[in-house]
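K.L.:
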Amino acid sequence: MRHTLAAGVAGAVLLLLSGCRLASSRSDFYAMDTFMTVTAYDTSEDTAEQTRVEIERQINALDQLMSRQREESDLSRLNAAGGAPVTVAHELYEAIETAVSYAELTGGAYDPTTAPLSDLWGIGTEDPHVPGQAEIDAALQKVGWQNIHLLGNDTIQLTNGAQVDLGGIGKGWAANDTAEICRVAGDTLHVLAQLGGNIYGVGENPNSDTGDWLIGIADPDASANSVATISITDESVVTSGDYERYFIEDGKRYHHIFDPKTGYPADNGLRSVTVVDADSAKADAMTTGLFVMGLEQGLEFCKEHDIKAVFITADKQIIPTETVLPQYDFCGAEAGYTDAR
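Residue numbering for the sequence shown is 1 to 341, as defined by our numbering.
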């Protein structure tokens, strides 16, 4: 028996209302294969509106540039080049260069070349399935960030059949661009960008007495509910979990976060990983890398690289790193979770 399920955003924003008197502008739209909401607050109604419009325009422009599904995108041109060098837009070159640096940092636990595995398994399509081992082995021959050659002058070459998928940092990249647009717009601007599983709170939360944006970490078994919260200002919160996109076949869950070494969805007892960082692209890549590493190696990696993270395990343990504790609050007891600090 097989059935497919998909969850919504991997976190929730918990607004503590305190009588905000700022003008606001909000939009809900679909980009980068997910639903997004951007809300801008400012003393000037025009500034709030213009900034929100500029943010949405930039996110859509990035989608046109980085989407693997759009045939006209620069990324699709690169993937379709059959190993020939391709000159791409400078921002795409920078994004791929960044992705390669995070792949190297994580020892390949995060890898932007897992597209052949995604295509093979079909998770998120109408026909997800468990492929045969021979098919997985063949796909793995094309996987490996070392097959991305950055030649300079915005030129990239993919070898050994490699295909780049920036789904692991694309929304984080968009969140960083959002923050930069806000910084240019001025100090009176406050923006909350909810980009699927990537949330960025720019400036203080005008609806909160403390000024913090309060971000909920979702219960993997009931993603509309939170089992912990993170308080942020000028930071992003990014979550990756096995409940976001998956299918079940013969009673086993197969999710979309692949281990580049095995070709299978990572299976190490983790349900989700959340990372808090001012660099949302970094947080985006790290959630994937830490999820693939598993709890023990992931905690060690966080300690070594000073990463603020929260791990949730299959046996309902929630483990925050020491560095995230000043911003962390546990609220999962009623749902059966244990704070394992």
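Every residue gets a Cβ at the ideal spot worked out from N, C-alpha and C, and that includes glycine.
Here the structure is a predicted model, which is why all the values come from computation and not from measurement.
1) So, is T159 buried or exposed, given that buried needs 16 or more other C-beta atoms within 10 angstroms?
2) Hey, V324 and I318 are a contact pair by Cβ (cut 8 Å); roughly how many whole angstroms apart?
3) Is the Cβ-Cβ distance between T43 and T178 less than 7 Å?
4) By DSSP, does G82 sit in helix, in strand, or in coil?
5) So who's on the other strand from M36, going by DSSP bridges?
6) Can you give me the start and stop residues for the alpha helix (DSSP H) that T239 sits inside?
7) Going by beta carbon distance, what residues of the same chain come within less than 7 Å of F29, once the five residues before and after it are set aside?
8) Going by Cα to Cα distance, which pick from V227, S272, E235 and L140 is closest to N176?
9) Below 7 Å between beta carbons: does that hold for V273 and T287?
10) Excluding the 5 residues preceding and the 5 following T229 in the sequence, name in chain order all residues of the same chain whose CB lies nearer than 6 Å to its CB.
11) Out of Y41, W173, Y110 and A23, point me to the one whose CA is closest to S67's CA.
12) Of the residues D250, L92, K252 and A81, which one's Cα is nearest the Cα of Q163?
13) Suppose you measure from the CA of W145 to the CA of P112; what does that come to, to the nearest Å?
14) Could you pull out every residue in the same chain whose Cβ sits closer than 6 Å to the Cβ of I136, ignoring the five residues on either side in sequence?
15) Decide yes or no for the touch test of the region 119–132 against the region 197–212: beta carbon pairs closer than 8 Å, at least 3 of them.
16) Jot down the residue ranges of each uninterrupted alpha helix (DSSP H) in the region 280–327, minimum 4 residues, whole runs only, in chain order.
17) Whole angstroms are fine: how far does the CA of D306 sit from the CA of N205?
18) Spatial neighbours of R77 within its chain, please: CB distance less than 8 Å, with the 5 preceding and 5 following residues excluded, ordered by chain position.
19) Looking at the structure shown, is T51 part of a helix, part of a strand, or coil, going by DSSP?
P.N.:
Answer, in terms of the structure:
1) exposed
2) So it is not a contact: roughly 11 Å between Cβ atoms.
3) no
4) coil
5) F29 and L195
6) Segment E235 to G241 is the beta strand (DSSP E) holding T239; no alpha helix (DSSP H) there.
7) M36 and E56
8) E235
9) yes
10) L214, G216 and D329
11) W173
12) A81
13) 6 Å
14) G263
15) no
16) 280–293 and 295–305
17) 26 Å
18) V86 and V88
19) helix
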